[in-house]
Structure formats: structure tokens, C-alpha cells
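In my numbering, the protein residues as written are 1005 to 1065. Ideal Cβ placement from N, Cα and C applies to all residues, glycine included.
Written out as C-alpha cells, the structure reads:
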């Protein structure tokens, strides 16, 4: 079994597990790729934002 298969299985079983600081850095340093269209960029940045600001989202509900 490949490493990424194991990681996907862990994510499926336990959900997304990453340090909040790591997710925030990934969000803050994200840049639109040269060939990436606007819709794909929006999807990717929303995914990063959701991971980076999970705690804030819970407070806003």
C-alpha cells in the first residue's frame, strides 16, 4: 500500500487532521497557478480557508 493511500484512509476514518497553524500558512501563502482558472482557484482557496479557520467558523454559527 502506498503512503498516500494510507493518508487518505486515515483522513476518511478520522477526518482532516492538521495543525491550525499549518493550515493558516497554506492559506496565507496560496497563489493562483498560471493555468488555473478562476473557478478552480476559488474552490481551492475555499477549501484552504475552511481548514485554516475551522475554529472561527464554529464561533460564527
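Counting the other CB atoms within 10 Å of its CB gives residue 1046 a total below 16, which places it among the exposed residues. In the three-state scheme derived from DSSP, where H, G and I count as helix and E and B as strand, residue 1037 is classed as coil. Take residue 1027, set aside five residues on each side of it, and the residues of its chain with a beta-carbon closer than 6 Å to its own are 1055, 1056, in chain order.
In this structure, DSSP gives residue 1008 a helical state, which the three-state scheme calls helix.
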